[in-house]
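First comes the structure, then the notes that go with it.
Here's what the structure looks like:
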């Protein structure tokens with residue numbers, strides 16, 4: 001029994017047609033994924049250089065919604081026709097397989113031939129007509145778009161009325177959902193999206209850590225405010241109203257700074273800015289008798305909430321490199337210098353007065369031993385802590401690492417006190433009078449839920465017990481640096 005033997009041409013033609021349909025389906029799938037994943041900026045660059053293939057791809061990108069609708073129509077048509085021709089095309093090939101199954105008769109084998117042919121055709125179409133072109137398009141979108149683009153464009157041109165009708169019908173329902181359809185993919189990216197892209201590229205090894213850090217800082221620069229980059233009030237070196245030019249030169253030698261606010265009755269009354277360069281024309285023998293107010297420049301005042309890009313503009317307009325940061329109450333919050341602004345872009349500019357080694361943690365592959373203590377300045381902000389350690393500080397009513405410690409302890413700490421925050425232990429390593437100057441961050445072993453975290457240093461405003469205040473349970477005198 002079995003099917004009557006057919007001429008070879010009757011077997012070959014359906015197989016050839018099925019192969020053509022699967023190839024066409026693959027072209028539509030390739031065009032669809034390539035147009036979605038191709039980097040438009042690269043296509044525009046090549047098209048501007050006269051690349052004809054890129055020009056055709058760019059033309060398709062400008063009518064992306066229409067082209068994708070055409071690809072969907074092509075996929076639907078080829079899939080339906082392939083299913084229709086699959087059974088007669090593959091029946092004579094799969095029939096021996098059906099008859100090979102033991103325990104079934106010829107009648108059952110004849111009935112299994114059709115389903116087996118359809119399953120075989122579906123598997124071949126899935127692999128060769130769907131997965132292969134999809135994976136190739138994702139891996140090499142521009143190259144695939146050059147090949148599949150002309151085929152897709154020709155099909156869309158032939159079936160333009162049908163595609164226009166189908167696309168318009170779909171857009172009608174999309175608008176009913178309160179969404180306005182777009183013909184092109186949005187190519188603009190927010191600063192946050194670009195920052196995430198930079199981080200991902202650095203961790204994947206595409207960007208060097210140093211380059212990634214500068215790009216990330218540049219993208220976040222305009223989002224930061226003056227109070228995030230300033231030298232805080234407690235660290236400002238200023239001159240009294242009675243200071244002389246000689247006092248200015250001495251302060252410059254001792255501190256390494258070249259610009260100093262000159263205060264009135266207190267630091268909230270800044271009367272001017274003294275610049276060492278302005279003292280050079282004064283003869284050395286006259287500097288001790290010349291009051292510094294004779295050479296001061298008018299201060300540039302900026303509010304704490306002013307964005308850093310605006311601060312740069314103010315400094316440029318005033319032809320100066322230092323601005324006084326004023327808080328909402330009219331007091332002096334600190335000063336911000338051109339060096340502070342540069343450090344927001346490239347990291348700390350270490351010199352003999354402030355040596356510092358900046359890690360590359362969040363931009364390098366995660367291979368560092370996070371169980372080792374990492375010593376950081378208490379003045380680091382949340383983004384700087386993450387950049388230095390890879391740990392994202394939880395949000396709260398504080399802006400620095402020292403503020404986190406104070407918020408969780410509820411009192412001015414001593415050296416050696418610690419708080420557990422999430423999976424990190426933050427230990428006070430050095431104090432500068434009443435300020436947390438330096439801390440050490442250590443990753444705690446185990447999962448957060450496996451550790452004892454009763455009310456203590458882990459809860460804001462709770463006084464820590466003796467065994468919680470210090471690793472050795474002691475209450476010795478505070479240290480400093």
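Residue numbers (UniProt numbering): 1 to 481.
Glycine included, every Cβ here is placed at the ideal spot set by N, Cα and C.
Computed from a predicted structure; not experimentally measured.
Inter-residue spacing [alpha-carbon to alpha-carbon] between residue i and residue j
| i | j | result |
| --- | --- | --- |
| residue 381 | residue 78 | 58 Å |
| residue 37 | residue 134 | 11 Å |
| residue 202 | residue 17 | 48 Å |
| residue 241 | residue 263 | 6 Å |
| residue 120 | residue 72 | 23 Å |
| residue 127 | residue 405 | 57 Å |
| residue 178 | residue 172 | 10 Å |
| residue 255 | residue 399 | 26 Å |
| residue 218 | residue 309 | 10 Å |
| residue 466 | residue 329 | Bear in mind that a pLDDT of 34 at residue 466, under 50, signals an unreliable position, so the number given afterwards is only what the model happens to contain. Cα to Cα, residue 466 sits roughly 39 Å from residue 329. |
| residue 257 | residue 282 | 19 Å |
| residue 392 | residue 196 | 14 Å |
| residue 246 | residue 204 | 55 Å |
| residue 13 | residue 85 | 10 Å |
| residue 261 | residue 200 | 43 Å |
| residue 47 | residue 81 | 37 Å |
| residue 27 | residue 83 | 17 Å |
| residue 319 | residue 412 | 41 Å |
| residue 385 | residue 277 | 36 Å |
| residue 297 | residue 39 | 51 Å |
| residue 117 | residue 75 | 20 Å |
| residue 41 | residue 19 | 36 Å |
| residue 206 | residue 143 | 21 Å |
| residue 419 | residue 383 | 20 Å |
Beta-carbon gap between residue i and residue j smaller than 8 Å
| i | j | result |
| --- | --- | --- |
| residue 273 | residue 303 | no |
| residue 301 | residue 265 | no |
| residue 152 | residue 24 | no |
| residue 230 | residue 333 | yes |
| residue 293 | residue 271 | yes |
| residue 60 | residue 141 | no |
| residue 236 | residue 251 | no |
| residue 417 | residue 394 | no |
| residue 335 | residue 325 | yes |
| residue 426 | residue 441 | yes |
| residue 175 | residue 53 | no |
| residue 401 | residue 376 | yes |
| residue 407 | residue 390 | no |
For residue i, the three-state DSSP class (helix, strand or coil)
| i | result |
| --- | --- |
| residue 260 | strand |
| residue 338 | helix |
| residue 307 | strand |
| residue 220 | helix |
| residue 50 | coil |
| residue 56 | helix |
| residue 333 | strand |
| residue 27 | helix |
| residue 290 | coil |
| residue 17 | helix |
| residue 400 | strand |
| residue 297 | strand |
| residue 225 | strand |
| residue 207 | coil |
| residue 239 | strand |
| residue 412 | coil |
Nearest neighbour of residue i, chosen from the options [CA to CA]
| i | options | result |
| --- | --- | --- |
| residue 438 | 423, 444, 415 and 283 | 415 |
| residue 68 | 166, 143, 138 and 206 | 166 |
| residue 344 | 220, 154 and 161 | 220 |
| residue 341 | 334, 327 and 321 | 321 |
| residue 291 | 61, 270, 248 and 311 | 248 |
| residue 65 | 183, 228 and 22 | 183 |
| residue 129 | 58, 22, 259 and 53 | 22 |
| residue 378 | 403, 396, 386 and 208 | 403 |
| residue 228 | 373, 306 and 319 | 306 |
| residue 244 | 198, 275 and 116 | 275 |
| residue 149 | 55, 417 and 169 | 55 |
| residue 527 | 33, 34, 442 and 58 | A question about residue 527 goes unanswered here, because the residues of the chain that appear run from 1 up to 481. |
| residue 163 | 63, 395, 225 and 123 | 63 |
| residue 193 | 216, 160 and 158 | 216 |
| residue 212 | 410, 346 and 279 | 346 |
| residue 239 | 295, 161 and 210 | 295 |
| residue 132 | 49, 372, 29 and 234 | 29 |
| residue 436 | 338, 234, 170 and 210 | 234 |
Which residues DSSP lists as bridging residue i, in chain order
| i | result |
| --- | --- |
| residue 432 | 435 |
| residue 420 | 425 |
| residue 231 | 335 |
| residue 322 | 337 |
| residue 440 | 375 and 427 |
| residue 270 | 263 |
C-beta neighbour in chain B for residue i, strict 8 Å
| i | result |
| --- | --- |
| residue 137 | Among the chains of the structure shown, chain B does not appear; only one protein chain is present. |
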